[in-house]
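Scroll down for the structure; my scribbles are underneath it.
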Amino acid sequence: NTVCDFDPLEKASGHSVNATPVNFAHQGVHVHLIDTPGYPDLVGQSISALAAVETAAVVVNAQTGIELTTTRMMRLAAARGLCRMIIVNKIDAENVDLPRLLAHIQEVFGKECLPINLPAHGGQDVVDCFFNPDGDADFSSVKEAHTALVDQVVEVDEELMTLYLEQGSELQPEQLHAPFEKALREGHLIPVCFVSAKNGAGVGELLDIFAKLAPNPAEGNPPPFFKGEPGAAQIEEFHAEPDPAKHVLAHVFKVVMDPYVGKVGMFRVYQGTIYKDSPLFVGDGRRPFKAGHLYLIQGKDYVETDALVPGDIGAVAKVEEIEFDSVLHDSHDEDHIHLKPLEFPKPMHGLAVETKRKGDEQRIFEVLHKLEIEDPCFEVERHPTTNETVIRGLGELHLRGKLEKMANQYKLEVSTTPPKIPYRETITRNAEGHHRHKKQTGGAGQFGEVYLKIEPRERGAGFEFLDQTKGGVIPNTFMPAVEKGVLQALEEGGIAGYPVEDLRVIVYDGKSHPVDGKEVAFISAGKKAVLDAISKAAPVVLEPIVNIEITAPEKFVGDLTSDLSGRRGQVTGTEPRGIDTMAITGQVPLAELSDYQSRLRSMTGGHGSYTIEFSHHSPVPPQTQQQLMSQFKRAADED
Numbered sequence: 162n163t164v165c166d167f168d169p170l171e172k173a174s175g176h177s178v179n180a181t182p183v184n185f186a187h188q189g190v191h192v193h194l195i196d197t198p199g200y201p202d203l204v205g206q207s208i209s210a211l212a213a214v215e216t217a218a219v220v221v222n223a224q225t226g227i228e229l230t231t232t233r234m235m236r237l238a239a240a241r242g243l244c245r246m247i248i249v250n251k252i253d254a255e256n257v258d259l260p261r262l263l264a265h266i267q268e269v270f271g272k273e274c275l276p277i278n279l280p281a282h283g284g285q286d287v288v289d290c291f292f293n294p295d296g297d298a299d300f301s302s303v304k305e306a307h308t309a310l311v312d313q314v315v316e317v318d319e320e321l322m323t324l325y326l327e328q329g330s331e332l333q334p335e336q337l338h339a340p341f342e343k344a345l346r347e348g349h350l351i352p353v354c355f356v357s358a359k360n361g362a363g364v365g366e367l368l369d370i371f372a373k374l375a376p377n378p379a380e381g382n383p384p385p386f387f388k389g390e391p392g393a394a395q396i397e398e399f400h401a402e403p404d405p406a407k408h409v410l411a412h413v414f415k416v417v418m419d420p421y422v423g424k425v426g427m428f429r430v431y432q433g434t435i436y437k438d439s440p441l442f443v444g445d446g447r448r449p450f451k452a453g454h455l456y457l458i459q460g461k462d463y464v465e466t467d468a469l470v471p472g473d474i475g476a477v478a479k480v481e482e483i484e485f486d487s488v489l490h491d492s493h494d495e496d497h498i499h500l501k502p503l504e505f506p507k508p509m510h511g512l513a514v515e516t517k518r519k520g521d522e523q524r525i526f527e528v529l530h531k532l533e534i535e536d537p538c539f540e541v542e543r544h545p546t547t548n549e550t551v552i553r554g555l556g557e558l559h560l561r562g563k564l565e566k567m568a569n570q571y572k573l574e575v576s577t578t579p580p581k582i583p584y585r586e587t588i589t590r591n592a593e594g595h596h597r598h599k600k601q602t603g604g605a606g607q608f609g610e611v612y613l614k615i616e617p618r619e620r621g622a623g624f625e626f627l628d629q630t631k632g633g634v635i636p637n638t639f640m641p642a643v644e645k646g647v648l649q650a651l652e653e654g655g656i657a658g659y660p661v662e663d664l665r666v667i668v669y670d671g672k673s674h675p676v677d678g679k680e681v682a683f684i685s686a687g688k689k690a691v692l693d694a695i696s697k698a699a700p701v702v703l704e705p706i707v708n709i710e711i712t713a714p715e716k717f718v719g720d721l722t723s724d725l726s727g728r729r730g731q732v733t734g735t736e737p738r739g740i741d742t743m744a745i746t747g748q749v750p751l752a753e754l755s756d757y758q759s760r761l762r763s764m765t766g767g768h769g770s771y772t773i774e775f776s777h778h779s780p781v782p783p784q785t786q787q788q789l790m791s792q793f794k795r796a797a798d799e800d
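At the far end of the sequence shown sits residue 800, using the working numbering, and the numbering has no gaps.
Structure (structure tokens):
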């Protein structure tokens, strides 16, 4: 229960769930900080914050060490040109091996990772290794750590390095300030800070580092903006200038659907000054909105302000046009501008959801849409094949948070089930079918007779309907009814209840009646004639096959490839991805991946991730087809 962790789910779980901005003054410096979650399931919130900062401070738990999120965030921060710091927390915990952890950090992320302070008095304090390198640490030499820092910093400044080597004496902190920031910008130095959030050790020193050494908006690497209409041959890249007098450029990195304030867009100002009541454009919008209220964000509180300048993180409310990744500007000269896109993981974990209360069917789509607006890693799909609403996120924890928010904030209770697999059906050979629909009920009767042929088509070719009747045996007015009946049958499934695809239907004969010939009769005749033909055309059930890419430490490759083979998958390749990390590519049936996220986490100790995308449909094994056919027959018998 802190300023940043105010959400009911955060209070209950004891960890961050959302990216939450705060701001404070320290040593005369105005600091904006975004607290983000550390769990892999919630990494989307952390990634979105990278678009709003100069420095990424990645926290490592001293008890658990480097985790999947650590390596992912370090890689993404480097790719965006951000300065990076590593904060080692829980230095006072029992059974932690800090020297080994520091060595592992340097092994994974490079020798550029150097301690800027070191633990002292059993993790109850820290000793400075940069400004005032005096005192004893729990491990290592403070003097040696200071020398290593200075050696690393002067390497980016030839003049200072020459002076340092010739002088052979200590350089003053003010001489090191500019090259220190340059080393940060170039990734030549990644400071490692030791803290204990529990007892406060190192927290004050960390704030000093933020204020004294972390780059301000004029000192960091500015993110690239791109200018050009979608699909344009020429796309211009440029950098915003942190000049308060220039045209406004701001980027929306987070959208919140606040139950009291409404739609809130949180943004980082990169250029110009936004004043209260400033007219601003959203993206390529032609009509500006007026920022009637400007806010600084302090956890759950929105504090009104009159102006926001470059480097500020602010918010506006009740502007419907604002979306995640929007660019705000005050001149049409900045139309067609966007920031370099962020690299988000694709949501893989799915749940089918259904309302528990009658009458909430429409409301569920409104609520899910609001959740989708807030989170770039949350998707909602409506599957016409399975007639399900499926939500997808980055894992069980991610989706559990969405379900709890639906229940607590929106008072919407839903039941969940694993999503059904979107199977398909097709035929593998030519066949003929026939049906005569004849019904007498005492008055006017119903009559329609259809003869047809079906032929398989190439995968992806779709459905084709041909009328090859002659002599008006089926009147032209009834042929659309025949096609309607055929399409109904194909949608409902021939043998297992799944849509039938990639076939040609040729109607070549039939019969009508001058009095009893009716549309309903030909719908029925067309439907049952095509089902008759399908039963003779060696029908097969098709399952979706997906391309899969698994990223994990190299030592797990053998176990992962064996597991994939056991899921009827095929490995198509492996390739290195960074230090001691491999990417495994392959294809696997979607039906085999229902438990894969938890299995991957178990096999890799939480250090693996995967993405999938649809590839094609392929026939299921005979045993699976029999099971699906039996289930369909039982359901039909019960009906």
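Think of the CB as a built atom: it goes at the ideal place given N, C-alpha and C, for glycine as much as any other residue.
Quantities reported herein were computed from a predicted structural model and do not represent experimental measurements.
1. Could you say which of E347, Y771, F355, Y325 lies nearest to Q285 if we only look at CA atoms?
2. Please confirm if the stretch 628 to 648 is in contact with the stretch 675 to 683, defined as three or more CB-CB distances below 8 Å between the two stretches.
3. Spatial neighbours of E715 within its chain, please: C-beta separation below 6 Å, excluding the five flanking residues on both sides.
4. What do you get for D196, buried or exposed, if any count of 16 or more other CB atoms within 10 angstroms of its CB means buried?
5. Whole angstroms is fine: what's the gap from Q649's alpha carbon to D445's?
6. In terms of residues, what are the limits of the alpha helix (DSSP H) holding T765?
7. Going by alpha carbons, who is nearest to P276 out of H282, I247, E268?
8. Contact between the stretch 365 to 376 and the stretch 397 to 416: three or more CB pairs below 8 Å?
9. In chain order, which alpha helix (DSSP H) runs of at least 4 residues are fully inside the stretch 323 to 410?
10. At 4 residues or longer, and completely inside the stretch 405 to 471: list those alpha helix (DSSP H) runs for me, N to C.
11. Determine the direct distance from the alpha carbon of L512 to that of F414, and round the result to whole angstroms.
12. Helix, strand or coil: how does DSSP classify E662 here?
13. Do the CB positions of F442 and H493 come within less than 9 Å of each other?
14. Can you give the beta carbon distance from P385 to E215, rounded, assuming they're within the 8 Å contact cut?
15. Quick check on N637: does DSSP put it in helix, strand or coil?
16. Could you check which residue in F793, G423, F505 has the C-alpha nearest to that of R233?
17. Whose C-alpha, out of V702, L279, I773, A699, is nearest the C-alpha of G730?
18. How close, in whole Å, do the beta carbons of K222 and K251 come, if the pair is a contact with beta carbons under 8 Å?
19. Since S779 is in the beta strand (DSSP E), which residue starts that stretch and which ends it?
20. Based on the DSSP output, what are the partners of I208 in its beta bridges?
21. Could you give the distance in angstroms between the alpha-carbon of Q432 and the alpha-carbon of A411?
22. Give the range of the alpha helix (DSSP H) segment to which E680 is assigned.
23. For the candidate residues H499, A379, E593, whose alpha-carbon lies nearest to that of G472?
24. Give the C-beta separation of V314 and A344 to the nearest angstrom, bearing in mind that I take them to be a contact with Cβ-Cβ under 8 Å.
25. Rounded to whole angstroms, what's the CA-CA distance from D800 to V416? Just pull it up for me.
26. Would you give the residue range spanned by the beta strand (DSSP E) that E527 belongs to?
27. Please report the straight-line C-alpha distance between T546 and G604, rounded to a whole angstrom.
28. Around the C-beta of I396, are 16 or more other C-beta atoms found within 10 angstroms, so that it is buried, or is it exposed?
29. Throw me the rounded Cβ distance for the M801 and V541 pair, which I believe falls under 8 Å.
30. Assuming G769 and D693 form a contact by the criterion Cβ under 8 Å, report the distance between their Cβ atoms to the nearest whole angstrom.
31. Can you tell which of E736, T765, E710 has the C-alpha that lies nearest to the C-alpha of V749?
32. Who are D289's beta bridge partners in DSSP?
33. Would you kindly work out how many angstroms separate the C-alpha atoms of P782 and V701, rounded to a whole number?
34. Using C-beta distances below 6 Å, list every residue in its chain close to H490, excluding the 5 sequence neighbours before and after it, in chain order.
35. P260 by DSSP, collapsed to three states: which one?
36. On the criterion of 16 or more Cβ atoms from any shown chain inside 10 Å, does K551 qualify as buried, or is it exposed?
With the structure as the only source:
1. For the purposes of this step, residue 285 is identified with residue 124 of the sequence shown, where counting begins at 1. Among E347, Y771, F355, Y325, the Cα nearest to that of Q285 is on F355.
2. yes
3. Sequence index remark: in the sequence shown, residue 715 carries index 554 (1-based). Cβ within range, chain order: D741, M743.
4. Position 35 of the sequence shown holds residue 196. The residue in question, D196, is buried, as its Cβ has 16 or more Cβ neighbours within 10 Å.
5. If you number the sequence shown from 1, residue 649 lands on position 488. If you number the sequence shown from 1, residue 445 lands on position 284. For Q649 and D445, the distance between alpha carbons rounds to 44 Å.
6. Numbered from its first residue, the sequence shown carries residue 765 at position 604. Counting along the chain, the alpha helix (DSSP H) containing T765 begins and ends at 757 to 765.
7. Taking the first residue of the sequence shown as 1, we reach residue 276 at position 115. Checked all of H282, I247, E268; the closest Cα to P276 is I247.
8. no
9. 334 to 346, 364 to 373
10. none
11. As a working note, residue 414 is residue 253 in the sequence shown. As a working note, residue 512 is residue 351 in the sequence shown. Approximately 27 Å, taken between the alpha carbons.
12. Here residue 662 corresponds to residue number 501 of the sequence shown, with the count starting at 1. E662 falls in the coil class under three-state DSSP.
13. Taking the sequence shown and counting its residues from 1, the one referred to as residue 442 is at position 281. Taking the sequence shown and counting its residues from 1, the one referred to as residue 493 is at position 332. In this structure, H493 lies closer than 9 Å to F442 by Cβ.
14. Within the sequence shown, the letter at position 224 stands for residue 385. Within the sequence shown, the letter at position 54 stands for residue 215. Not confirmed; about 14 Å, so no contact.
15. As a working mapping, residue 637 is identified with position 476 in the sequence shown. Here N637 sits in helix by DSSP.
16. Reading the sequence shown from its first residue, position 72 is the one you call residue 233. Nearest option by C-alpha distance: F505.
17. The residue labelled residue 730 in the question sits at position 569 within the sequence shown. Nearest of V702, L279, I773, A699 to G730, Cα basis: I773.
18. What you label residue 222 is simply residue 61 of the sequence shown in a count that begins at 1. What you label residue 251 is simply residue 90 of the sequence shown in a count that begins at 1. Here residue 222 is Asn; the residue named in the question, Lys, does not match the sequence. Indeed they touch by this definition, with Cβ atoms about 6 Å apart.
19. Residue mapping note: residue 779 aligns to position 618 of the sequence shown, counting from 1. Its beta strand (DSSP E) spans residues 770 to 780.
20. If you number the sequence shown from 1, residue 208 lands on position 47. Answer by DSSP bridge pairing: none, since I208 is not bridged.
21. One-based indexing of the sequence shown puts residue 432 at position 271. One-based indexing of the sequence shown puts residue 411 at position 250. One C-alpha to the other measures close to 7 Å.
22. Here residue 680 is taken as the residue at index 519 of the sequence shown, counted from 1. Residues 680 to 697.
23. Here residue 472 is taken as the residue at index 311 of the sequence shown, counted from 1. With distances taken between Cα atoms, G472 lies closest to A379.
24. Along the sequence shown, one-based indexing puts residue 314 at 153. Along the sequence shown, one-based indexing puts residue 344 at 183. That pair is a contact at about 5 Å.
25. Locating residue 800 in the sequence shown gives position 639, counting from the first residue. Locating residue 416 in the sequence shown gives position 255, counting from the first residue. Any reading at D800 needs caution, since the residue's pLDDT is 49, under 50, leaving its predicted position unreliable; the model's value is listed next. Going from the Cα of D800 to the Cα of V416 covers about 47 Å.
26. Along the sequence shown, one-based indexing puts residue 527 at 366. Taken as a continuous stretch (DSSP letters only), E527 belongs to no beta strand (DSSP E), being part of the alpha helix (DSSP H) at 522 to 535.
27. For this step, residue 546 is matched to residue 385 along the sequence shown. For this step, residue 604 is matched to residue 443 along the sequence shown. Their Cα atoms are separated by approximately 39 Å.
28. Numbered from 1 along the sequence shown, position 235 holds the residue referred to as residue 396. Exposed, by the Cβ-count rule.
29. With the chain covering only 162 through 800, there is no way to say anything about residue 801.
30. Here residue 769 refers to the residue found at position 608 when the sequence shown is read from its first residue. Here residue 693 refers to the residue found at position 532 when the sequence shown is read from its first residue. In fact, because the Cβ distance is near 50 Å, the residues do not count as touching under 8 Å.
31. Along the sequence shown, one-based indexing puts residue 749 at 588. The residue with the shortest Cα to Cα distance from V749 is E710.
32. Counted from its first residue, the sequence shown places residue 289 at position 128. For D289, which the question treats as bridged, DSSP gives the partners N278.
33. On the sequence shown, residue 782 is found 621 positions in, with the first residue counted as 1. On the sequence shown, residue 701 is found 540 positions in, with the first residue counted as 1. The straight-line gap from Cα to Cα measures roughly 10 Å.
34. For the purposes of this step, residue 490 is taken as the residue at position 329 of the sequence shown. V409, L410, F442.
35. One-based indexing of the sequence shown puts residue 260 at position 99. Reduced to three states, the DSSP call for P260 is helix.
36. Position 390 of the sequence shown, counted from the start, is the residue given in the question as residue 551. Contrary to the premise, residue 551 reads as Val rather than Lys in this sequence. Looking at its Cβ environment, which holds 16 or more other Cβ atoms inside 10 Å, V551 is buried.
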